[in-house]
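In UniProt numbering, the protein residues as written are 1 to 255.
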(Lines of atoms letter the chains of each structure in order from A and count residues from 1; the text may use other names and numbers.)
(Lines give C-alpha, C1' and ligand atoms only; values in the text may rest on other atoms or scores of the structure.)
Protein backbone atom coordinates (compact mmCIF):
# COMPACT_ATOMS: atom_id res chain seq x y z
CA UNK A 1 0.00 0.00 0.00
CA UNK A 2 1.14 3.55 -0.79
CA UNK A 3 0.28 6.12 1.91
CA UNK A 4 1.01 9.84 1.80
CA UNK A 5 0.85 12.14 4.80
CA UNK A 6 -1.19 15.18 3.87
CA UNK A 7 -1.63 18.45 5.73
CA UNK A 8 -0.59 22.02 5.10
CA UNK A 9 -0.11 22.63 8.82
CA UNK A 10 3.44 22.34 10.10
CA UNK A 11 4.47 20.76 13.39
CA UNK A 12 1.68 18.18 13.47
CA UNK A 13 3.83 15.05 13.63
CA UNK A 14 3.67 13.85 10.03
CA UNK A 15 7.41 13.18 9.74
CA UNK A 16 7.45 11.44 13.13
CA UNK A 17 4.66 9.15 11.97
CA UNK A 18 6.29 8.28 8.65
CA UNK A 19 9.70 7.55 10.16
CA UNK A 20 8.68 5.70 13.30
CA UNK A 21 5.77 3.73 11.88
CA UNK A 22 7.94 2.90 8.87
CA UNK A 23 10.70 1.59 11.10
CA UNK A 24 8.25 -0.42 13.20
CA UNK A 25 6.74 -1.99 10.08
CA UNK A 26 10.25 -2.96 9.01
CA UNK A 27 10.79 -4.59 12.42
CA UNK A 28 7.62 -6.59 11.84
CA UNK A 29 8.88 -7.92 8.51
CA UNK A 30 7.25 -5.53 6.04
CA UNK A 31 9.31 -4.32 3.09
CA UNK A 32 9.14 -0.56 3.62
CA UNK A 33 10.08 2.39 1.42
CA UNK A 34 10.06 5.95 2.77
CA UNK A 35 9.99 8.89 0.35
CA UNK A 36 10.81 12.38 1.58
CA UNK A 37 9.05 15.04 -0.51
CA UNK A 38 9.54 17.91 1.92
CA UNK A 39 12.34 20.26 0.79
CA UNK A 40 13.09 20.88 4.48
CA UNK A 41 14.29 17.22 4.47
CA UNK A 42 13.39 16.60 8.11
CA UNK A 43 12.74 12.90 7.48
CA UNK A 44 16.06 12.57 5.67
CA UNK A 45 18.14 14.27 8.34
CA UNK A 46 16.30 12.56 11.21
CA UNK A 47 17.50 9.28 9.71
CA UNK A 48 21.05 10.59 9.85
CA UNK A 49 21.42 11.27 6.12
CA UNK A 50 23.22 14.59 5.78
CA UNK A 51 24.88 14.10 2.38
CA UNK A 52 21.95 13.41 0.04
CA UNK A 53 22.37 14.68 -3.51
CA UNK A 54 19.53 16.08 -5.62
CA UNK A 55 20.04 13.15 -8.03
CA UNK A 56 18.97 10.77 -5.22
CA UNK A 57 15.60 12.49 -4.88
CA UNK A 58 12.51 12.28 -7.09
CA UNK A 59 13.62 15.40 -8.98
CA UNK A 60 14.70 13.66 -12.22
CA UNK A 61 11.61 11.47 -12.16
CA UNK A 62 9.35 14.49 -11.88
CA UNK A 63 11.07 16.86 -14.30
CA UNK A 64 12.72 14.59 -16.86
CA UNK A 65 10.61 11.44 -16.65
CA UNK A 66 13.61 9.61 -15.23
CA UNK A 67 13.38 6.37 -13.23
CA UNK A 68 12.55 6.09 -9.55
CA UNK A 69 15.95 6.57 -7.88
CA UNK A 70 17.64 3.71 -6.10
CA UNK A 71 16.83 4.11 -2.41
CA UNK A 72 19.34 4.11 0.39
CA UNK A 73 18.95 1.49 3.11
CA UNK A 74 18.76 3.06 6.57
CA UNK A 75 17.97 1.01 9.68
CA UNK A 76 16.75 -1.81 7.46
CA UNK A 77 14.24 0.22 5.44
CA UNK A 78 14.46 2.01 2.10
CA UNK A 79 14.73 5.80 1.88
CA UNK A 80 14.47 8.12 -1.11
CA UNK A 81 15.80 11.32 0.48
CA UNK A 82 14.95 14.96 -0.01
CA UNK A 83 17.08 18.01 -0.75
CA UNK A 84 16.44 21.72 -0.39
CA UNK A 85 16.48 22.14 -4.19
CA UNK A 86 13.44 19.88 -4.42
CA UNK A 87 11.48 23.10 -3.87
CA UNK A 88 12.10 23.84 -7.57
CA UNK A 89 9.51 21.19 -8.41
CA UNK A 90 6.74 23.62 -7.46
CA UNK A 91 7.24 25.51 -10.71
CA UNK A 92 8.60 22.63 -12.76
CA UNK A 93 5.64 20.30 -12.25
CA UNK A 94 3.21 23.01 -13.29
CA UNK A 95 4.93 23.25 -16.67
CA UNK A 96 4.88 19.53 -17.47
CA UNK A 97 1.71 17.88 -18.71
CA UNK A 98 1.16 14.69 -16.73
CA UNK A 99 4.24 15.31 -14.59
CA UNK A 100 2.22 15.36 -11.39
CA UNK A 101 1.32 11.68 -11.90
CA UNK A 102 4.83 10.40 -12.60
CA UNK A 103 5.51 9.27 -9.04
CA UNK A 104 2.27 7.31 -9.06
CA UNK A 105 3.23 5.53 -12.26
CA UNK A 106 6.76 4.79 -11.06
CA UNK A 107 5.53 3.28 -7.80
CA UNK A 108 2.85 1.26 -9.59
CA UNK A 109 5.62 -0.28 -11.68
CA UNK A 110 7.41 -1.41 -8.49
CA UNK A 111 4.41 -2.80 -6.59
CA UNK A 112 6.11 -6.16 -6.15
CA UNK A 113 9.17 -4.65 -4.43
CA UNK A 114 7.52 -2.99 -1.42
CA UNK A 115 4.75 -3.95 0.99
CA UNK A 116 4.29 -0.39 2.26
CA UNK A 117 5.42 2.95 0.80
CA UNK A 118 5.16 5.92 3.15
CA UNK A 119 5.50 9.36 1.55
CA UNK A 120 6.24 12.37 3.74
CA UNK A 121 4.54 15.22 1.92
CA UNK A 122 5.44 18.89 2.42
CA UNK A 123 3.35 21.15 4.71
CA UNK A 124 1.72 22.95 1.79
CA UNK A 125 -1.08 22.71 -0.76
CA UNK A 126 1.16 23.25 -3.79
CA UNK A 127 2.29 21.13 -6.71
CA UNK A 128 4.73 19.08 -4.65
CA UNK A 129 2.02 18.18 -2.16
CA UNK A 130 -0.19 17.12 -5.06
CA UNK A 131 2.65 15.08 -6.55
CA UNK A 132 2.77 13.07 -3.32
CA UNK A 133 -0.96 12.90 -2.74
CA UNK A 134 -1.74 11.67 -6.25
CA UNK A 135 0.87 8.92 -5.89
CA UNK A 136 -0.99 7.38 -2.96
CA UNK A 137 -3.52 4.61 -2.65
CA UNK A 138 -4.84 6.60 0.32
CA UNK A 139 -3.96 9.64 2.40
CA UNK A 140 -2.85 9.57 6.02
CA UNK A 141 -3.93 12.84 7.62
CA UNK A 142 -2.46 13.90 10.99
CA UNK A 143 -4.70 16.23 13.01
CA UNK A 144 -2.90 18.04 15.78
CA UNK A 145 -5.16 18.48 18.80
CA UNK A 146 -5.14 22.23 18.55
CA UNK A 147 -7.48 24.61 16.77
CA UNK A 148 -4.98 24.90 13.90
CA UNK A 149 -5.27 21.14 13.35
CA UNK A 150 -9.01 21.32 12.80
CA UNK A 151 -8.61 24.43 10.65
CA UNK A 152 -6.08 22.61 8.45
CA UNK A 153 -8.81 20.20 7.35
CA UNK A 154 -10.23 23.04 5.25
CA UNK A 155 -7.17 22.77 3.00
CA UNK A 156 -7.76 19.04 2.54
CA UNK A 157 -11.41 19.66 1.67
CA UNK A 158 -10.38 22.30 -0.84
CA UNK A 159 -7.85 20.11 -2.63
CA UNK A 160 -9.69 16.79 -2.80
CA UNK A 161 -12.07 17.83 -5.61
CA UNK A 162 -9.03 18.85 -7.70
CA UNK A 163 -7.28 15.57 -7.00
CA UNK A 164 -10.43 13.65 -7.89
CA UNK A 165 -10.29 15.10 -11.38
CA UNK A 166 -7.16 13.00 -11.94
CA UNK A 167 -7.68 10.19 -9.41
CA UNK A 168 -11.40 9.84 -8.60
CA UNK A 169 -10.72 6.86 -6.32
CA UNK A 170 -8.30 8.72 -4.02
CA UNK A 171 -9.61 9.04 -0.46
CA UNK A 172 -8.39 9.62 3.08
CA UNK A 173 -7.35 6.22 4.40
CA UNK A 174 -7.10 7.29 8.02
CA UNK A 175 -6.86 10.30 10.31
CA UNK A 176 -4.32 10.34 13.15
CA UNK A 177 -4.93 12.71 16.09
CA UNK A 178 -1.53 13.91 17.34
CA UNK A 179 0.01 15.99 20.15
CA UNK A 180 -2.72 14.84 22.53
CA UNK A 181 -2.07 16.13 26.05
CA UNK A 182 -3.85 16.52 29.35
CA UNK A 183 -5.41 19.84 28.48
CA UNK A 184 -9.19 20.09 28.49
CA UNK A 185 -9.05 21.60 25.00
CA UNK A 186 -7.30 18.48 23.66
CA UNK A 187 -9.95 16.18 25.09
CA UNK A 188 -12.75 18.42 23.84
CA UNK A 189 -11.35 18.53 20.29
CA UNK A 190 -10.85 14.76 20.18
CA UNK A 191 -14.34 14.05 21.53
CA UNK A 192 -15.82 16.45 18.98
CA UNK A 193 -14.22 14.38 16.22
CA UNK A 194 -15.61 11.20 17.76
CA UNK A 195 -19.11 12.69 18.07
CA UNK A 196 -19.04 13.78 14.44
CA UNK A 197 -18.25 10.24 13.38
CA UNK A 198 -14.97 11.53 12.02
CA UNK A 199 -13.03 8.69 10.61
CA UNK A 200 -11.60 6.23 10.01
CA UNK A 201 -9.39 7.41 12.85
CA UNK A 202 -6.76 5.99 15.18
CA UNK A 203 -6.61 6.58 18.90
CA UNK A 204 -4.77 9.82 19.74
CA UNK A 205 -0.97 9.92 19.85
CA UNK A 206 0.14 11.48 23.16
CA UNK A 207 2.24 14.63 23.28
CA UNK A 208 5.82 13.56 24.07
CA UNK A 209 8.05 16.09 22.29
CA UNK A 210 11.06 15.42 24.51
CA UNK A 211 11.36 11.77 23.42
CA UNK A 212 10.77 12.61 19.75
CA UNK A 213 13.32 15.45 19.86
CA UNK A 214 15.96 13.28 21.50
CA UNK A 215 15.46 10.60 18.86
CA UNK A 216 15.75 13.16 16.06
CA UNK A 217 18.93 14.59 17.58
CA UNK A 218 20.42 11.10 17.67
CA UNK A 219 19.35 10.35 14.09
CA UNK A 220 17.35 7.33 15.26
CA UNK A 221 13.76 6.07 15.33
CA UNK A 222 12.26 6.24 18.82
CA UNK A 223 12.29 2.45 19.04
CA UNK A 224 16.09 2.52 18.73
CA UNK A 225 16.66 5.72 20.68
CA UNK A 226 14.48 4.86 23.71
CA UNK A 227 13.08 1.34 23.22
CA UNK A 228 11.55 1.09 26.70
CA UNK A 229 9.93 4.53 26.70
CA UNK A 230 6.26 5.45 26.63
CA UNK A 231 6.88 7.03 23.21
CA UNK A 232 8.09 3.66 21.90
CA UNK A 233 4.88 2.05 23.14
CA UNK A 234 2.90 4.80 21.39
CA UNK A 235 4.64 3.91 18.11
CA UNK A 236 3.86 0.21 18.53
CA UNK A 237 0.21 0.90 19.31
CA UNK A 238 -0.21 3.31 16.40
CA UNK A 239 1.43 0.88 13.99
CA UNK A 240 -0.82 -1.95 15.14
CA UNK A 241 -3.88 0.22 14.58
CA UNK A 242 -2.74 1.22 11.11
CA UNK A 243 -2.07 -2.41 10.17
CA UNK A 244 -5.55 -3.39 11.33
CA UNK A 245 -7.55 -0.46 9.99
CA UNK A 246 -5.75 -0.20 6.65
CA UNK A 247 -5.37 -3.98 6.30
CA UNK A 248 -1.67 -3.72 5.53
CA UNK A 249 -0.43 -6.99 4.06
CA UNK A 250 2.98 -8.56 3.65
CA UNK A 251 3.62 -9.94 0.19
CA UNK A 252 4.53 -13.56 -0.29
CA UNK A 253 8.18 -13.43 -1.30
CA UNK A 254 9.57 -16.59 -2.94
CA UNK A 255 12.41 -18.17 -0.98
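Quick reminder that beta carbons are idealized off the backbone N, C-alpha and C, glycines included. Model, not experiment: these values are computed from the prediction.
Practice prompt. In the DSSP assignment, find the alpha helix (DSSP H) that holds residue 239 and state where it starts and stops.
Written response: 230-246
Item to complete: Spatial neighbours of residue 102 within its chain, please: CB distance less than 7 Å, with the 5 preceding and 5 following residues excluded, ordered by chain position.
Response: 61, 62 and 65
Discussion item. Once DSSP output is grouped into helix, strand and coil, what is the label at residue 180?
Written reply: strand
Item to complete: Work out the CA separation of residue 99 and residue 93 for me, nearest whole Å.
Response: 6 Å
Practice prompt. Look at the Cβ atom of residue 32, then the Cβ atom of residue 25, and state whether they are nearer than 7 Å.
Written response: yes
Worksheet item: Of the choices 202, 174 and 124, whose alpha-carbon is the least far from that of residue 139?
Response: 174
Practice prompt. Report all residues from its chain with a CB closer than 6 Å to the CB of residue 132; omit the five preceding and five following residues, and keep chain order.
Written response: 4, 37, 119 and 121
Item to complete: Taking the CB atoms as reference points, tell me whether residue 163 and residue 153 lie closer together than 7 Å.
Response: no
Worksheet item: CA-CA distance, residue 74 and residue 189?
Response: 37 Å
Discussion item. With a threshold of 8 Å, are at least 3 pairs of Cβ atoms found where one atom belongs to the region 79-88 and the other to the region 37-48?
Written reply: yes
Worksheet item: Would DSSP call residue 137 helix, strand or coil?
Response: coil
Item to complete: Give every residue of the same chain whose Cβ lies closer than 6 Å to the Cβ of residue 200, excluding the five residues on either side of it in the sequence, and list them in chain order.
Response: 174 and 245
Fill in: Assumed close pair residue 226, residue 211 - CB separation to whole angstroms, cut-off 8 Å
6 Å
Worksheet item: Got a sec, what are the start and stop residues for the beta strand (DSSP E) residue 45 sits in?
Response: Where residue 45 is concerned, there is no enclosing beta strand (DSSP E), although the alpha helix (DSSP H) it sits in stretches over 42-46.
Discussion item. Once DSSP output is grouped into helix, strand and coil, what is the label at residue 161?
Written reply: helix
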